[in-house]
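Number of protein chains: 2
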Amino acid sequence: MGEPKAKASLILDAAAAVLAESGYAGLSARAVAERAGVNKALVFYYWGSTKELFERVLERYYTAHKASLAEAFERPGTDRERFHHVIDVYLDFMEHNVAYARIVQQQVASRGDHLPLVETHLREVLAMTTKVIAPVAGTGPLAPRHFHLSLSALVLNYFTYAPVLGPDERGRDPLSNEALEERRAHVHWVIDAWLDALAKQRAAS
Amino acid sequence: MGEPKAKASLILDAAAAVLAESGYAGLSARAVAERAGVNKALVFYYWGSTKELFERVLERYYTAHKASLAEAFERPGTDRERFHHVIDVYLDFMEHNVAYARIVQQQVASRGDHLPLVETHLREVLAMTTKVIAPVAGTGPLAPRHFHLSLSALVLNYFTYAPVLGPDERGRDPLSNEALEERRAHVHWVIDAWLDALAKQRAAS
DNA sequence: GATCGTTTTAACCGGTCGGTCAAACCTCTC
DNA sequence: GAGAGGTTTGACCGACCGGTTAAAACGATC
Numbered sequence: 001m002g003e004p005k006a007k008a009s010l011i012l013d014a015a016a017a018v019l020a021e022s023g024y025a026g027l028s029a030r031a032v033a034e035r036a037g038v039n040k041a042l043v044f045y046y047w048g049s050t051k052e053l054f055e056r057v058l059e060r061y062y063t064a065h066k067a068s069l070a071e072a073f074e075r076p077g078t079d080r081e082r083f084h085h086v087i088d089v090y091l092d093f094m095e096h097n098v099a100y101a102r103i104v105q106q107q108v109a110s111r112g113d114h115l116p117l118v119e120t121h122l123r124e125v126l127a128m129t130t131k132v133i134a135p136v137a138g139t140g141p142l143a144p145r146h147f148h149l150s151l152s153a154l155v156l157n158y159f160t161y162a163p164v165l166g167p168d169e170r171g172r173d174p175l176s177n178e179a180l181e182e183r184r185a186h187v188h189w190v191i192d193a194w195l196d197a198l199a200k201q202r203a204a205s
Numbered sequence: 001m002g003e004p005k006a007k008a009s010l011i012l013d014a015a016a017a018v019l020a021e022s023g024y025a026g027l028s029a030r031a032v033a034e035r036a037g038v039n040k041a042l043v044f045y046y047w048g049s050t051k052e053l054f055e056r057v058l059e060r061y062y063t064a065h066k067a068s069l070a071e072a073f074e075r076p077g078t079d080r081e082r083f084h085h086v087i088d089v090y091l092d093f094m095e096h097n098v099a100y101a102r103i104v105q106q107q108v109a110s111r112g113d114h115l116p117l118v119e120t121h122l123r124e125v126l127a128m129t130t131k132v133i134a135p136v137a138g139t140g141p142l143a144p145r146h147f148h149l150s151l152s153a154l155v156l157n158y159f160t161y162a163p164v165l166g167p168d169e170r171g172r173d174p175l176s177n178e179a180l181e182e183r184r185a186h187v188h189w190v191i192d193a194w195l196d197a198l199a200k201q202r203a204a205s
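As given, the protein sequences belong to chains A and B, one line each in that order.
Everything in the first sequence is counted per our numbering, starting at 1 for the first residue and increasing by one.
Everything in the second sequence is counted per our numbering, starting at 1 for the first residue and increasing by one.
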């Protein structure tokens, strides 16, 4: 009988799903308990409060996100190769954690009281990616910060917007493997276009 | 004495602000009334229900958004000029309607029941922008759909993510006029890089 | 100043929220 | 089988939710 997965973890998973669907304001202990198939009081028994539950969900994602990025950064190679590799890892991660993409987008857009945790995390990620971007970027409109924002937008927004736009011109689900491969190719094409333009600009100056 | 602005409109404005901050689940009649400095019952007197209020807020933004885009499309010029102009108008609109950017991002990311309205709108916008993108785009990873997603991501996400990252390397507020000008330059640079790469690709084939 | 339609208000309703608690349950040990 | 400890439950609380309503306040008209 005994479920192999502890109920505490079941609750955490359910909370992530609810959070992705309904945002922080919709993260109710009752909804989480119902989705987890568990008594509502258990949510408080294991996690204390909905706020703490929320923070634990974020923490779990943040840790995984940063770990995957950190690993990607250690890969050797040319600037261009490292750039492409980091983006590949980023795409992989989001592909397997679509709920995370949804949660982050909502949190950032809403700018509620719960923001500090998100803020800290995003700044750390910025600091990490800057190391890869800085060697090829410039200043002003070509500063690493702009490329970081643009790239993360390219990746994140696909997972949130494409499903809303519906099947693509070939009738494929935007989150199907084939469609995701196409998106991956698009992002890599974009990076190459940028790097080429940057190299050209550098050569001219 | 007599406010020039009807209370109905005050309520609508307040609703937009609450919506941007707390999302659909946080759009409570009480919060809206309080922010508008108005009795709670007035919300229902003028707008019927919170759901209708939500839809009116979206409608108002959608109408303005589509109108500004439609006007931009009529501008004559080369493909490249028209492309840049459409993006300029898009940036202008978001700059003056940051709350709209936040609301859309949250709605899209949450994928709740209220989605159909958002869905219809976004598909219409896609259909519009495709007319400008198609002449210069390609197929597969270079299909108009991908560029539409990438471009709208570049614009939208700046307004939601940049404030979370804090002041830029020169200590400026990301939503200050100067910082916004820099972002505008970045986006235009990106478009040029893309168009150049596309032209080169076309010439090679 | 009486009348009428519109606008505004306070009080109230049933329902759901986060959170608590005491009792029941389960499993293992002696 | 008697405890003991962690786990699970249903009942409950005050606060807040969307929404209704009857009455008050208001402005115009005569």
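No residue lacks a Cβ here, since even glycine has one placed at the ideal position from N, Cα and C.
Step through the CB atoms of chain A and report whether any lies within less than 8 angstroms of the CB of Gly48 (chain B). no
Span separating the alpha-carbon of Glu124 (chain B) from that of Ser9 (chain A): 42 angstroms
Can you grab the Cα-Cα spacing for the pair Asp196 (chain A) / Ala193 (chain B), in whole Å? 8 angstroms
Going along chain B in order, which residues have a C-beta closer than 8 angstroms to the C-beta of Gly171 (chain A)? Within 8 angstroms Cβ-Cβ: nothing; Gly171 (chain A) doesn't reach chain B, min ~13 angstroms.
In chain A, which residues lie less than 9 angstroms from Tyr207 (chain B) when you measure between Cβ atoms? This structure leaves residue 207 (chain B) out entirely; chain B is present only between 1 and 205.
For Asn97 (chain A), is the classification buried or exposed, using 16 other Cβ atoms within 10 angstroms of its Cβ as the cut-off for buried? buried
Whose C-alpha, out of A:Pro141, A:Gly37 and A:Ser49, is nearest the C-alpha of His188 (chain B)? Out of A:Pro141, A:Gly37 and A:Ser49, A:Pro141 has the C-alpha closest to the C-alpha of His188 (chain B).
To the nearest angstrom, how far is the alpha carbon of Ala127 (chain B) from that of Glu182 (chain A)? 20 angstroms
Beta carbon of Val206 (chain B) nearer than 8 angstroms to that of Leu198 (chain B): What is shown of chain B runs 1 to 205, which leaves residue 206 (chain B) out entirely.
Just verifying my parser: in three-state terms, what is the DSSP assignment at Leu188 (chain A)? Reading off the sequence shown, one finds His at residue 188 (chain A), where the question assumed Leu. Secondary structure at His188 (chain A): helix, using DSSP grouped into helix, strand and coil.
May I have the straight-line CA-CA distance separating His84 (chain B) from Val132 (chain B), to the nearest angstrom? 10 angstroms
Residue from B:Leu58, B:Val86 and B:Gly77 whose Cα sits closest to the Cα of Ala70 (chain B): B:Val86
What residues of chain B sit near Tyr161 (chain A), judged by a beta carbon separation below 8 angstroms? Val108, Leu122, Leu149, Ser152 and Ala153
Contact defined as beta carbons within less than 8 angstroms: I believe Val18 (chain B) pairs with Leu12 (chain B). What is the distance between those atoms, to the nearest angstrom? Contact doesn't hold; Cβ gap of about 11 angstroms is too wide.
Would you verify that the beta carbon of Ala17 (chain B) is, or is not, closer than 8 angstroms to some beta carbon of chain A? no
Distance, Cα to Cα, Ser68 (chain B) vs His114 (chain A)? 34 angstroms
Going along chain A, which residues have a C-beta under 7 angstroms from Met205 (chain B)? One point to set straight first is that residue 205 (chain B) is Ser, not Met, in the sequence displayed. Simply none; closest approach about 14 angstroms.
Leaving out five residues before and five after Pro116 (chain B) in sequence, what residues of the same chain have Cβ atoms less than 6 angstroms from its Cβ? none
Given that a residue counts as buried once 16 or more other Cβ atoms are within 10 Å of its Cβ, and exposed if not, what is Val102 (chain B)? The identity of residue 102 (chain B) in the sequence shown is Arg, whereas the question assumes Val. Buried, since its Cβ has 16 or more Cβ neighbours within 10 Å.
Using a threshold of 8 angstroms, state whether the C-beta atoms of Lys7 (chain B) and Leu53 (chain B) are closer than that. The answer is no: Cβ separation not under 8 angstroms.
Verify the CB distance criterion: does Glu3 (chain B) have a CB-CB separation below 8 angstroms to chain A? Caution applies to Glu3 (chain B), whose pLDDT of 41 falls short of 50 and renders its modelled position unreliable; the value that the coordinates give is listed next. Chain A, which has no Cβ nearer than 8 angstroms to the Cβ of Glu3 (chain B), makes this no.
When you compare the CB positions of Leu151 (chain A) and Tyr158 (chain B), do they come within less than 8 angstroms of one another, or not? no
Starting from Ser68 (chain A), trace the alpha helix (DSSP H) both ways and give me its first and last residue. Membership of Ser68 (chain A) in the alpha helix (DSSP H) is indicated by the continuous run Thr50 to Glu74.
Name the residue from A:Ala36, A:Asn39 and A:Thr160 whose alpha carbon lies nearest to the alpha carbon of Ser110 (chain B). A:Thr160
CB contact flag (Leu175 (chain B), Pro163 (chain B), <8 angstroms): Taking 8 angstroms as the cut-off, the Cβ atoms of Leu175 (chain B) and Pro163 (chain B) count as close.
Arg82 (chain A), buried or exposed, once every other Cβ within 10 Å from all chains shown has been counted against 16: buried
Residue from B:Glu119, B:Leu91 and B:Phe44 with nearest C-alpha to Val104 (chain B): B:Glu119
So Ala193 (chain B) contacts chain A; which residues on that side make the cut at Cβ distance below 7 angstroms? Ala193, Trp194 and Ala197
Backbone CA spacing between Tyr90 (chain B) and Lys200 (chain B) [nearest angstrom]: 27 angstroms
Within-8 angstroms CB hit, Arg183 (chain B) to chain A: yes
To the nearest angstrom, how far is the alpha carbon of Leu122 (chain A) from that of Tyr45 (chain B)? Looking at the backbone, the Cα of Leu122 (chain A) and that of Tyr45 (chain B) are separated by about 42 angstroms.
Please go through the same chain and pick out, in chain order, the residues whose beta-carbon is closer than 7 angstroms to the beta-carbon of Val38 (chain B), but skip the five residues on each side of it. The residues are Lys7, Leu10 and Ile11.
Since Ser9 (chain A) is in the alpha helix (DSSP H), which residue starts that stretch and which ends it? It spans Lys7 to Ser22 - the alpha helix (DSSP H) in which Ser9 (chain A) sits, taken as one unbroken run.
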